[in-house]
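So for the sequence shown, our numbering puts the first residue at 32; every next one is plus one. One structure below.
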Amino acid sequence: MLSRVAENLYWMARYIERAEDTARLLRVTRHLMLDFPGTPTLGWSSLITISGAERLFDENYPRRDEASVLSFLCADRNHGGSILAALGAARENLRTTREVMPREIWEEINQLYLTVGNHLTGGIAQRRRDDFLRMVIRGCQTLVGLIEGSVSHGPVRRFCEIGRLLERADMTTRILDVRSANLLPRSPEVLTPLENLQWMSVLKSLSAHQMYRQRVRNRVRGPDVVRFILQDADFPRSVYRCLDDLCRTFTALPRHHDVVDTTAASRDALLAASGDELARAPDHLHEFVDGVQIGFQHIDDAIRGTWFAGVDAPAPVISG
32 MLSRVAENLY WMARYIERAE DTARLLRVTR HLMLDFPGTP TLGWSSLITI SGAERLFDEN
92 YPRRDEASVL SFLCADRNHG GSILAALGAA RENLRTTREV MPREIWEEIN QLYLTVGNHL
152 TGGIAQRRRD DFLRMVIRGC QTLVGLIEGS VSHGPVRRFC EIGRLLERAD MTTRILDVRS
212 ANLLPRSPEV LTPLENLQWM SVLKSLSAHQ MYRQRVRNRV RGPDVVRFIL QDADFPRSVY
272 RCLDDLCRTF TALPRHHDVV DTTAASRDAL LAASGDELAR APDHLHEFVD GVQIGFQHID
332 DAIRGTWFAG VDAPAPVISG
């Protein structure tokens, strides 16, 4: 496979995952704000922090209110993490690699992009926002399902899996880091109803609440949430599971040894960390997550150096 095709597939999958995760995060935040409308600092500003685009937002929007944040994260084409921009980038990356993907996947992503654009034209009425975000989530999940169900087990499928898993792990750490900052090291016995709901929102942002309850079989506690999201071996959105799946996926590709070693080092360091220790103070968790995200960058660098630095001329690809 040409390195440009592999890179385009990798970024297509990352952008699909990014659009879905952003929509899910917005939806959970809206529900949280409806339950506690008098506490605006809970939600909208923190979403800009999670996106990692604070400077871009502050340069273009006067306030971190609901309308501005929704516009930035849903419709702003200058922000690569917005739903519309992410789907557009995924569509463009797929357009240049259509010869290796089933036609149904192109048709689905093209239709989803056009539908989202039509909905965003002129803004979305407040009463329709939840339906819109749910439509984005289901559309992205449909794309992932089509890839899983119709792409043969080979390099095309592998690079889609790699992009999805790395993007998912990155978003998981961002959500945990930002959303838990004002909750640690609070004891579960002294948590207010609002703080309990915030921990639940961390789980729901990752579609993790029900799986957490099945695993932990206890009330929602900060240290348990931290351990589950970072280290659970079975939950598909836990950071450990993403890194472990990445290692397995890499081994199906040629020249994988350096990439596997880099990823395994991050995975093993993650598993060795103490969830209780990380939950004692937000600074501990923040520093640890910073280290994990540096590890993600090393993994991305290793992927690029191993498979995307081929001799074939690079095609235009939207990345970042």
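Even for Gly, the Cβ is constructed at its ideal location relative to N, Cα and C.
Exercise. Under a Cβ-count criterion, where at least 16 other Cβ atoms within 10 Å of its own Cβ denotes burial, should Ile325 be classed as buried or exposed?
Worked result: With fewer than 16 Cβ atoms within 10 Å of its Cβ, Ile325 is classed as exposed.
For this session: Within its chain, find whatever has a CB closer than 7 angstroms to the CB of Ala84; leave out the 5 residues flanking it on each side and keep chain order.
Result: Once the five neighbours on either side are set aside, the close Cβ partners of Ala84 are His110 and Gly112.
Problem set entry | Proximal residues to Leu115 (C-beta, below 7 angstroms), its chain only, five neighbours per side dropped | Cβ within range, chain order: Cys105, Ala106, Arg108, Val147, Gly148 and Leu151.
Exercise. From Arg279, Leu277, Met242 and Leu284, pick the residue whose C-alpha is nearest to that of Asp265; which is it?
Worked result: Proximity to Asp265 across Arg279, Leu277, Met242 and Leu284 peaks at Met242, based on C-alpha coordinates.
Problem set entry | Contact check, Asp208 vs Val320, beta carbons under 7 angstroms | Yes.
Exercise. Would Ala303 be called buried (16 or more neighbouring beta carbons within 10 Å of its own) or exposed?
Worked result: The C-beta of Ala303 has fewer than 16 other C-beta atoms within 10 Å across all chains shown, which makes the residue exposed.
For this session: Tell me whether the beta-carbon of Leu40 lies closer than 7 angstroms to the beta-carbon of Cys191.
Result: It is a contact, given that the beta carbons lie within the stated cut-off.
For this session: Rank His287, Ser238, Arg189 and Gln328 by C-alpha distance to the C-alpha of Asp52 and give the top, closest one.
Result: The shortest CA-to-CA distance from Asp52 to any of His287, Ser238, Arg189 and Gln328 is the one to Ser238.
For this session: Tell me, to the nearest whole angstrom, how far the beta carbon of Gly119 is from that of Tyr144; I am working on the premise that it is less than 8 angstroms.
Result: About 6 angstroms separates the CB atoms of Gly119 and Tyr144; that is less than 8 angstroms, so the two are in contact.
Exercise. Quick one: what does DSSP say Thr152 is sitting in, helix, strand or coil?
Worked result: Of the three classes helix, strand and coil, the one that applies to Thr152 here is coil, per DSSP.
Exercise. Looking at the structure shown, is Asn356 part of a helix, part of a strand, or coil, going by DSSP?
Worked result: The first residue shown for the chain is 32 and the last is 351, placing residue 356 beyond what the model contains.
Problem set entry | Among Arg189, Arg126, Ala117 and Leu101, nearest to Gly153 - alpha-carbon criterion | Among Arg189, Arg126, Ala117 and Leu101, the Cα nearest to that of Gly153 is on Leu101.
Exercise. Under 7 angstroms, do Glu179 and Arg49 count as touching if we go by C-beta distance?
Worked result: No.
Exercise. Is the beta carbon of Val59 less than 7 angstroms from the beta carbon of Ser211?
Worked result: Taking 7 angstroms as the Cβ cut-off, Val59 and Ser211 do not qualify as a contacting pair.
Problem set entry | Residues near Glu318 by beta carbon distance below 6 angstroms, same chain, minus five either side | Closer than 6 angstroms at the Cβ level, and outside the excluded window around Glu318, lies no residue.
Exercise. How close, in whole Å, do the beta carbons of Glu135 and Ser181 come, if the pair is a contact with beta carbons under 8 angstroms?
Worked result: Their Cβ separation, rounded to whole angstroms, is 7 angstroms, which keeps Glu135 and Ser181 in contact under 8 angstroms.
Problem set entry | Cβ separation of Pro186 and Ala37, assumed to be a contact under 8 angstroms, to the nearest whole Å | Yes, they are in contact, since the Cβ atoms of Pro186 and Ala37 sit about 7 angstroms apart, within 8 angstroms.
Problem set entry | Cα-Cα separation, Ala346 to Trp42 | Low local confidence applies: a pLDDT of 45 at Ala346 is under 50, so the model's placement there is unreliable, with the coordinate-based value given in what follows. The straight-line gap separating the alpha-carbon atoms of Ala346 and Trp42 is approximately 13 angstroms.
Problem set entry | C-beta atoms of Arg160 and Leu284 nearer than 7 angstroms | No, they are not a contact pair.
Exercise. Around the C-beta of Asn124, are 16 or more other C-beta atoms found within 10 angstroms, so that it is buried, or is it exposed?
Worked result: Of the residues assessed, Asn124 falls on the buried side of the cut-off, its CB having 16 or more other CB atoms within 10 angstroms.
Problem set entry | N-terminal and C-terminal residue of the alpha helix (DSSP H) that Gln157 is part of | Annotation for Gln157: no alpha helix (DSSP H) segment contains it, and DSSP assigns it neither H nor E.
For this session: Determine, using beta carbons only, whether Val323 and Thr204 come nearer to each other than 7 angstroms.
Result: In this structure, Thr204 lies closer than 7 angstroms to Val323 by Cβ.
Exercise. How is the alpha helix (DSSP H) around Val131 delimited, first residue to last?
Worked result: For Val131, there is no enclosing alpha helix (DSSP H), as DSSP gives it neither H nor E.
For this session: Flag this pair as yes or no: are the beta carbons of Asp289 and Ala333 separated by less than 7 angstroms?
Result: Yes, the pair counts as a contact, with Cβ atoms nearer than the cut-off.
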